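With the working numbering as the guide, the letters of the sequence shown map in order to residues 4 to 302.
Note that the Cβ used here is the ideal one computed from N, Cα and C, for glycine as well.
Nothing here was measured: the structure is a model prediction, and the numbers come from that model.
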Amino acid sequence: MATIGELLSAAVERLRSAGSDTPRLDAELLLARAVGADRTGIIAHPEIEVGPGAAAAFAADVDRRATGEPVAYIRGVKEFHGIALATDERALIPRPETELIVDTAVDEVIARLGRGAAARQGSRIRVVDIGTGTGAIAIALAVSLRRRRLLEAVEILATDVSRDAAALARENAAAHGLLDVVRVEVADLLPPLAGSFAIVLANLPYIPSATVDVLGGSADHEPRLALDGGADGLDLVRRLLGILPDVLEPGGVAFLEIGADQATAALEAARVALPDAAAAVLPDLAGRSRVLRVGTSAA
Ligand SMILES: C[S@@+](CC[C@H](N)C(=O)[O-])C[C@H]1O[C@@H](n2cnc3c(N)ncnc32)[C@H](O)[C@@H]1O
């Protein structure tokens, strides 16, 4: 029987020559899945022998990865903002950069509660996550608020134009015990009569079509609908900005993920759609522009 260390070494070489940028990480995650351990256990015990069943399962997963299939789809799970989300070909694999929108939304809810916004209105703070995919933003926000015992303060709608993605988001909401808090609906941006929201969150597709054509990597396996933002990438962002005046409550705020090179175009689009709103671009920890913030003034 081969040891963990021997299986890992062979798989790392195989995945490196197949073109993976992260062959060791990939191999560790896949071997951990095959033996039913976590990755730290794999790293800590290279001397342990792996049984034939687990070794065969690992070999099959390495074959899939060598064809370019993303590790998150092979494992069926992706960690995002400290939670595990079921992940498959129905939706985009949640990216770490999207965690900024979750953190920003948590801060916004806390700030609004500090100002007594919900209490004044005698209602919950209405939040919508448009283009929810796996449900990543909506569910991570709800989990963060539950940890702070603030879940009662919000009502969260999550939408996606893809039926498949919406089904996956519902499965993830159920897995986190949030089906009664995160309502998932199939809609082109928003369902009719959705009402208005204090906080609008969206990570809509923002990659220019021509770039999607040549991205490669995990994008070859992810739904094009989740990536393709039209000629300059901002078609969906512009459409959403166009309806924001009807969707945002007075004093409401929207946080939209954008590409690091789209700050100027996104700010211009916001100025055109909402000339009286305050628009700004928020940087991530590395200083890259990642989130367009658009706030309307209170009534
Ligand atoms: C970049 S993915 C983001 C998924 C998820 N929010 C995340 O951050 O992982 C964009 C999502 O928007 C959805 N989408 C595309 N066009 C849409 C539209 N017109 N209305 C609602 N959702 C849309 C796609 O199906 C996809 O799930």
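F258 versus H84 - alpha carbon distance: Within the sequence shown, residue 258 is the residue found at index 255, counting from 1. Within the sequence shown, residue 84 is the residue found at index 81, counting from 1. Distance between the alpha carbons of F258 and H84 is about 17 angstroms.
L218 burial status per 10 Å Cβ neighbour count (16 or more: buried): Position 215 of the sequence shown holds residue 218. L218 comes out exposed.
Counted within 10 angstroms of its Cβ, other Cβ atoms place R115 as buried (16 or more) or exposed: To locate residue 115, count along the sequence shown from 1; it is residue 112. Its Cβ being crowded by 16 or more others within 10 Å, R115 is buried.
Inter-residue CB distance, L207 and I133 (contact presumed, cutoff 8 angstroms): If you number the sequence shown from 1, residue 207 lands on position 204. If you number the sequence shown from 1, residue 133 lands on position 130. With a Cβ gap of about 7 angstroms, L207 and I133 count as contacting.
Endpoints, the alpha helix (DSSP H) within which S212 is located: Sequence index remark: in the sequence shown, residue 212 carries index 209 (1-based). Element bounds for S212: 212-217.
Between the CA atoms of R293 and P99 - distance to the nearest angstrom: In the sequence shown, the residue the question calls residue 99 occupies position 96. In the sequence shown, the residue the question calls residue 293 occupies position 290. About 12 angstroms.
Heavy atom of ligand 1 within 7 angstroms of I140 beta-carbon: On the sequence shown, residue 140 is found 137 positions in, with the first residue counted as 1. True, at least one ligand heavy atom lies under 7 angstroms from that Cβ.
Three-way DSSP call (helix, strand, coil) for L196 in this model: For the purposes of this step, residue 196 is taken as the residue at position 193 of the sequence shown. Residue state for L196 is assigned as coil, using DSSP reduced to three classes.
Identity of the residues DSSP links to L251 by a beta bridge: In the sequence shown, counting from the first residue as 1, residue 251 sits at position 248. For L251, which the question treats as bridged, DSSP gives the partners F200.
Where V184 sits in the DSSP three-state scheme: Taking the first residue of the sequence shown as position 1, residue 184 is located at position 181. Coil at V184, not helix or strand.
Unbroken stretches of the alpha helix (DSSP H), 4 residues or longer, contained in the stretch 65-146: The stretch 65-146 contains these whole alpha helix (DSSP H) runs: 74-78, 102-117, 120-124.
P55 - DSSP class collapsed to helix/strand/coil: By one-based count along the sequence shown, residue 55 stands at place 52. The answer is helix: DSSP assigns P55 an H, G or I state.
Unbroken beta strand (DSSP E) run spanning L288, endpoints: By 1-based counting over the sequence shown, the position of residue 288 is 285. No beta strand (DSSP E) holds L288; DSSP gives it neither H nor E.
Residue(s) in a DSSP beta bridge with T6: As a first step, residue 6 is located in the sequence shown; it is residue number 3 there, counting from the start. Looking at the DSSP assignment, T6 forms a beta bridge with E52.
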